[in-house]
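Line by line, the protein sequences are chains U and Y. According to our numbering, the first sequence is numbered sequentially starting from 1. According to our numbering, the second sequence is numbered sequentially starting from 1. Have a look at the structure below before the remarks.
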Amino acid sequence: MPSVLVSTTINGDAVEYACPQDETLLDSLRDRVGLTGVKEGCGTGDCGACSITLDGRLVCSCLVLGVEANGREITTVEGLSDGDKLHPLQEKFIEHAALQCGICTPGFLIAAKALLDRNPNPTVEEIRYGLAGNLCRCTGYDKIVRAVQAAAKQMRKK
Amino acid sequence: MPQDTSYTHQKFNVIGTRPKRPDGIDKVTGRAKFGADTSAPGQLVGLILRSPHAHATIRKIDTSKAERLKGVKAVLTSADLPDLTDGDRAMLDILENCMARGRALYDGHAVAAVAAIDAQTAKKALKLIKVDYKVLPHVTDVDEAIKPGAPIIQDWVFTAGVEPKPKRPSNISQRTEFGHGDVEAGFAEADVIVERSYKTEQTHQGYIEPHACLASVRPDGSGELWVTTQGHFTFRNICSSLLGMDVAKLKVTASEIGGGFGGKTHVWMEPVALALSRKANRPVKLVMSRDEVFRATGPTCSTSVDVKIGAKKDGTITAATAELRYQNGAFPNIWGMLGAMTSFACYDLKNVKSIGYDILCNRPKVAAYRAPSAPMAAFGVESTMDLVAAEIGMDPVDFRIKNAAKEGTLASYGPTYGPIGIGPTLEAVKNHPHMRARLGKNQGRGMACGFWFNFGGQTCTDLNIGIDGTVTLTVGTVDVGGSRASLSLIAAEELGIPYDQVITNIADTASLGFNDMTEGSRGTFSSGMAAIFAARNAIEVLRKRAAQMWEIPVEAVVWEKGEAKAMGKKHGNLPQLSLKEIAAKAPNTGGPIAGHSEVVADNAGVSFASHICDVEVDPETGATKVIRYTVIQDAGKAIHPDYVEGQFQGGAVQGIGWALNEEYIYGEDGRLQNAGFLDYRMPVCSDIPFIDTQILEIPNPNHPYGVRGVGETSIVPPLAAIGNAVSNAVGVRLSHVPMSPPRILKALVEASGS
Ligand code: FES
Ligand code: FES
């Protein structure tokens, strides 16, 4: 299958890559653009490790084709911090020990940001359902939920 | 979260604080490199072809078409992996599990592999490999596997541990027995005897990161392996021995690891990746799909367990027995033995006997899973404990307190306990507000106890002091969940300097001596112990250097709060020398300052936990939700309490998944039917409440700071705690895990019908 040239914006920068038509966006991001912060846990849309936003919408990049990113805007975990300033979610995840192994963390951060963009003051239940598409096997979710609560609180202060 | 430190008299400066972990930034920005996150120039993509049959003879593998496909650089079968194990059956088993040798033993067993220039080509090549199978009868159920006439999985396996030695091969690889006293006499004394059988289904560790590695073998026979593993030194030894490489010529680097829980203590495809690289003379990256992870790696045993406990009316247990049948997959191991050892470890019993059977089935080779074998035994024992308590009309917590093991108790598996925490965890349960909270309709509360041995093992650590006084601690145990922070804390404590001044690194196999794996809850325990000794050795050097700088005898120098202090009338007025000042002069006082330590960190200190759980059962559907959960566990000493709590919470939630949902489902055809996260459903955030924790600290006398391993015990009580809670909620006793909605509903219907 011939490769297709894709022009897209990733974390604010214009990026071009060529990929086969049946390649997932996850593979394009990891293998062609070098954004290995986007993780693969399942490849079937069930774990959320590959979460990104596409034109502001939370998606599993393993369920999107690389060619579909043409002309669109992507945010990955690599684009969350503002220069050397970590995003409040990133800070609170470290502070609250919301990661053990850390493989699920990029996906949780992206999903949590999408949640807080929509709902700056979520209840515990809203956080739990908002993050229900992301699997974490290490933490039992306790400290993740607390970190998201803390980040939401800090972000509301600004 | 509460932390009870009243049992210890040691005072600490930084131990027990909760600083940020040093690898945190890399892990929240996507910079951390996990198994699949690295590449090498000219690398090929490796893929593995797997058997679709549960049991089959492989008559022939025709790889010729695949080899001719453009872009294919190597095709591999077991013919490329000659047996170099020299009669070591356990090693041959590892090799055979990596690549079938004439027979496929389970659905998902590797039969061939390819390396090609890209994923598309590699996938095409797999389809071109023709395998001629002769399907054989199979067995996947642990009780079926020991019935007469069941297909024999390994014809070289004769049941060990029985006299006389059997003449015919069997699926029971070994029988083991533990205990003491006279159980028959004990049962005769009992007022009440409860006897019951239990089953648990097979579950997977469920780490989110699939197995991944990058192998590169050079034409001169040396090589490198980058891999997600719990133990790169062990991987190096196994891979080099299976492939006939010199140990020193294979350098293994552990990537960041995306969860292991025991599943990454075994090699699965790393020798295959190295062999492909050797054949193709190019680096090969091999990453498993989730489907492969489920079908061919990891899972823990399915089990079938019979428990019998007798007690007097006053609550004294007079005798207890258990017979435990553990399904090991296609290769023999010691899982049933561990089940038998752990089953009654919480209690002080006069008469006790447990018999473990290890049983082969056409399922993947079973791997360790967090406190391996203990949760299933605890499910049977702790469920029966509640039944006995009910029969004699005693509160289940009081019943356990009355029989709890204590210092001096002869454990059912042999040793005599030192100071242990089972009693205190039970007292803490009794006093916990959770026990007094009101329950609503269809809700019930249960509790259960758990035990795990913990493991110490070989450990080797370097501590180097830089010219500016910052400290590099180099360890060989991978960081599975924040241990870098804990180890930096330990070195900082010992040297008397701030946490930030110590950076902990994980060395590759070429840079440090051998280290056992991060398993058995040993990471922080044993590397921590080695770090303490390395720091103490470095302090010796620091004292010498200070003495040299002052030109006084070293005996007159002590180390206090990060500084050298001159002692005695003669020198006492000398101003202290800080670590930084001594480090700055190192080039002129004898060169680099370092401390090293090689230890076998024995006596890891057994650990106990008691859990409390509230559930709500929907009587219409059988669906069960955990609505409140409390973990109380003895940590010995919590180095970094956040990560101790994290271990408690993570283990509890894995246990909740196991208790309620997770299970390997095999079809009649012996194929795994739910090899994906959609159908093998692990708990998600909305399934689970906050998990409350309470850390107790009953110091381990064998560790300078009193540390015990903390990583595993938390998965032991949940199956039984939830079973007991369900029973209290709806009045039916579930004896089959997972207690999925259909199983609960069936039990409810049966109970209402009778
Ligand atoms: S990798 Fe995309 S959801 Fe799991
Ligand atoms: S921290 Fe390991 S999977 Fe979430």
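Just so it is clear, CB atoms sit at the ideal spot from N, CA and C, and this is done for glycine as well.
Buried or exposed (CB count within 10 angstroms, at least 16 for buried), residue i
i        : result
Y/Leu81  : buried
Y/Trp658 : buried
Y/Glu382 : buried
Y/Pro164 : exposed
Y/Lys365 : buried
Y/His9   : exposed
Y/Asp468 : exposed
Y/Lys569 : exposed
U/Gln154 : exposed
Y/Glu201 : buried
Y/Asp500 : exposed
Y/Gly30  : buried
Y/Arg438 : exposed
U/Ile103 : buried
Y/Arg59  : exposed
U/Lys158 : exposed
U/Asn70  : exposed
Bounding residues of the beta strand (DSSP E) (the contiguous stretch that carries residue i)
i        : result
Y/Gly595 : 593-600
U/Pro20  : 13-20
U/Gly133 : Run containing U/Gly133: none; DSSP gives neither H nor E here.
Y/Ala635 : Note, Y/Ala635: premise wrong, no beta strand (DSSP E); not H, not E.
Y/Gly223 : 223-227
Y/Cys613 : 607-617
Y/Ile695 : 691-696
Y/Asp62  : 56-62
Y/His180 : 172-180
Within-8 Å CB hit, residue i to chain Y
i        : result
U/Pro106 : yes
U/Ser81  : yes
U/Leu109 : yes
U/Asp117 : no
U/Gly66  : no
U/Cys60  : no
U/Gln149 : no
U/Thr8   : no
U/Val33  : no
U/Tyr17  : no
U/Ile74  : no
U/Ile52  : no
U/Ala112 : no
U/Gln21  : no
Contact check, residue i vs residue j, beta carbons under 8 Å
i        : j        : result
Y/Thr504 : Y/Leu542 : no
U/Val38  : U/Cys50  : yes
Y/Leu128 : Y/Leu69  : yes
U/Gly79  : U/Gly133 : no
Y/Ala747 : Y/Val732 : yes
Y/Met529 : Y/Thr459 : yes
Y/Arg103 : Y/Ala160 : no
Y/Glu177 : Y/Lys353 : yes
Test: residue i CB closer than 8 Å to a CB of chain U
i        : result
Y/Arg101 : no
Y/Ala659 : no
Y/Ser686 : yes
Y/Asp37  : yes
Y/Thr85  : no
Y/Leu276 : no
Y/Leu542 : no
Y/Met682 : yes
First and last residue of the uninterrupted alpha helix (DSSP H) at residue i
i        : result
U/Ala152 : 142-157
Y/Ala729 : 718-730
Y/Asp358 : It is not in any alpha helix (DSSP H) - Y/Asp358 instead sits in the beta strand (DSSP E) that spans 352-359.
heavy atom of ligand 3 below 7 Å from residue i C-beta
i        : result
Y/Gly259 : What this structure holds is ligand 1 and ligand 2, not ligand 3.
Contact with chain B by residue i, beta-carbon distance below 8 Å
i       : result
Y/Thr29 : This model lacks chain B altogether; the protein chains it does include are U and Y.
- Task: Ignoring anything shorter than 4 residues or poking outside the stretch 456-507 of chain Y, list the alpha helix (DSSP H) runs there in chain order.
- Result: 483-495
- Query: In chain order, which beta strand (DSSP E) runs of at least 3 residues are fully inside the stretch 124-163 of chain Y?
  - Reply: 130-135
- Message: To test your reading of the DSSP string, which unbroken alpha helix (DSSP H) runs of 4 or more residues are found completely within the stretch 66-123 of chain Y?
- Response: 89-98
- Query: Which full runs of the alpha helix (DSSP H) of 4+ residues lie inside the stretch 370-457 of chain Y, going along the chain?
  - Reply: The qualifying runs are 374-392, 396-403, 422-431.
- Uninterrupted beta strand (DSSP E) stretches inside the stretch 285-349 of chain Y (no shorter than 3 residues): 303-311, 317-327
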